[in-house]
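Peer 1: Counting in our numbering, the sequence shown runs from 29 upward without gaps.
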Amino acid sequence: MTDTGRGVLAGVLTALACLAMPVTLASEYAAQVLGSPGGFSGRAVTVVESSGVDSLVVGAVTNRVMALTGGQSGVQPIVQEAVRTALASPQVIASVQNAAASLQRELVAGSASTLTLTLPGIGSSAASTVAATSPALAAALRNLGPVTVVSVRVPHTYAKLAHGLGNVARESSPLLVLTGALILSALLLSPRRARTLRVLGLGALLCGLLAIGVAGVGRGLAVNAFSAASARLVAGVMWSTYLGGLEAWGLVMAGAGAGVTGVGVLAGL
Numbered sequence: 029m030t031d032t033g034r035g036v037l038a039g040v041l042t043a044l045a046c047l048a049m050p051v052t053l054a055s056e057y058a059a060q061v062l063g064s065p066g067g068f069s070g071r072a073v074t075v076v077e078s079s080g081v082d083s084l085v086v087g088a089v090t091n092r093v094m095a096l097t098g099g100q101s102g103v104q105p106i107v108q109e110a111v112r113t114a115l116a117s118p119q120v121i122a123s124v125q126n127a128a129a130s131l132q133r134e135l136v137a138g139s140a141s142t143l144t145l146t147l148p149g150i151g152s153s154a155a156s157t158v159a160a161t162s163p164a165l166a167a168a169l170r171n172l173g174p175v176t177v178v179s180v181r182v183p184h185t186y187a188k189l190a191h192g193l194g195n196v197a198r199e200s201s202p203l204l205v206l207t208g209a210l211i212l213s214a215l216l217l218s219p220r221r222a223r224t225l226r227v228l229g230l231g232a233l234l235c236g237l238l239a240i241g242v243a244g245v246g247r248g249l250a251v252n253a254f255s256a257a258s259a260r261l262v263a264g265v266m267w268s269t270y271l272g273g274l275e276a277w278g279l280v281m282a283g284a285g286a287g288v289t290g291v292g293v294l295a296g297l
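1) Measuring alpha carbon to alpha carbon, tell me which residue in V205, L215, G290, T176 is nearest A259.
2) Residues in the same chain with beta-carbon distance under 6 Å from R71, minus the five sequence neighbours each way, listed in chain order, please.
3) With C-beta atoms as the reference, is L225 less than 8 Å away from A295?
4) Please classify A122 as buried or exposed, where buried requires at least 16 neighbouring CB atoms within 10 angstroms.
5) Please report how far the alpha carbon of L41 lies from the alpha carbon of A58, in whole angstroms.
6) Do you know offhand how far V111's Cα is from T52's?
7) Using a Cβ-Cβ cutoff of less than 7 Å, which residues in the same chain neighbour M281 once the five nearest sequence positions on both sides are dropped?
8) Here's a check: name, in chain order, each residue in its chain whose Cβ is nearer than 8 Å to the Cβ of S200, leaving out the five neighbours to either side.
9) DSSP state of V177, grouped into three classes?
10) In terms of residue numbering, what span does the beta strand (DSSP E) encompassing L143 cover?
11) For A154, collect the residues of the same chain with a Cβ closer than 6 Å to its Cβ; drop the 5 residues on either side in sequence, then sort them by chain order.
12) What residue from G151, V81, V158, R133 has the CA that sits closest to A187's CA?
13) What do you get for S83, buried or exposed, if any count of 16 or more other CB atoms within 10 angstroms of its CB means buried?
14) Rounded to whole angstroms, what is the Cα-Cα separation between G287 and L145?
15) If distances are taken between C-alpha atoms only, which option among R221, H191, V93, G246 comes closest to V107?
16) Residue range of the alpha helix (DSSP H) that R34 falls in?
17) Between S141, D31, L147, S139, which lies nearest to N126 when the distance is taken from Cα to Cα?
18) Do you know offhand how far P8's Cα is from G35's?
19) In whole angstroms, give me the CA-to-CA distance for A160 and G151.
20) Would you please state the rounded distance, in angstroms, between the beta carbons of I211 and L228? I believe it to be under 8 Å.
21) For T161, does the three-state DSSP call read helix, strand or coil?
22) May I ask which residues mark the beginning and end of the alpha helix (DSSP H) holding V182?
23) What is the residue span of the alpha helix (DSSP H) that L212 lies within?
24) Looking at the structure shown, is A256 part of a helix, part of a strand, or coil, going by DSSP?
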């Protein structure tokens with residue numbers, strides 16, 4: 029094959045590799061946060077225990093208990109402390125993980141329609157911490173039943189996006205191999221490897237900057253998709269917990285791309 033033919037083929041492979049980079053990055057990240065039920069559930073526990081969301085849970089449970097007990101003076105701070113303690117109990121953590129695993133399956137399947145945070149065992153867990161000092165309050169907590177902190181409709185656009193990411197996550201390994209093969213083939217075939225290296229580095233740099241932009245802009249869009257203050261709070265915390273790492277990935281990608289571009293420039297001197 030002539031140098032011209034090799035150059036054309038290397039150019040095509042380089043372009044394909046640059047196009048594949050953002051898809052591969054999204055696929056790898058989706059596999060980390062959405063493709064694994066265990067990883068998804070673990071992050072859900074972090075969401076519930078985070079500052080702000082835990083206050084929502086405490087407030088919702090306390091309001092229910094106050095209604096059951098007739099708003100007796102002195103009950104509120106006791107209930108608040110009991111609920112905060114209960115949030116770290118194995119029973120509550122297990123219920124959050126089970127609910128999150130169910131949501132993960134719905135998101136991947138494309139059937140998710142609501143963002144719901146319901147804690148069925150929070151009352152029983154909180155009751156165990158006050159049973160010795162206040163049997164009557166413990167009984168009220170045991171009779172509390174499931175507490176729904178947030179229940180709002182998931183916008184159709186976000187449900188479709190999650191479904192798409194779930195599909196892409198399943199192809200993360202083949203995409204990574206394909207992108208690596210495209211990069212290696214382009215470098216091996218190219219008669220001007222320094223130039224090809226510069227283009228590949230710029231492609232990685234732009235891919236990283238795109239990821240950073242998506243992480244920054246996407247959070248605002250996700251939060252503004254909901255009107256209720258509680259839903260906006262939960263959406264913001266969920267975005268930070270599940271997709272906040274995308275910015276760090278983008279920074280690493282952009283830094284690597286800048287480094288490769290610099291090597292290409294030096295190699296061409």
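Think of the CB as a built atom: it goes at the ideal place given N, C-alpha and C, for glycine as much as any other residue.
Peer 2: Based on what the coordinates show:
1) Among V205, L215, G290, T176, the Cα nearest to that of A259 is on T176.
2) T269, Y270
3) yes
4) With a 10 Å radius around the Cβ and a threshold of 16 neighbouring Cβ atoms, A122 comes out exposed.
5) Rounded to the nearest whole angstrom, the C-alpha separation of L41 and A58 is 25 Å.
6) 42 Å
7) For M281, where only same-chain residues beyond five positions count, the Cβ hits under 7 Å are L53, A232, C235, G236, A239.
8) T52, S55, E56, A58, A59, G63
9) strand
10) 142 to 147
11) A110, V111, A114, L169
12) R133
13) exposed
14) Spanning the two alpha carbons is a distance of roughly 44 Å.
15) V93
16) Segment 31 to 61, the alpha helix (DSSP H) holding R34.
17) L147
18) For the chain, the structure presents residues 29 to 297; residue 8 sits outside this window and is missing.
19) 15 Å
20) 6 Å
21) coil
22) Taken as a continuous stretch (DSSP letters only), V182 belongs to no alpha helix (DSSP H), as it is neither H nor E.
23) 200 to 217
24) coil
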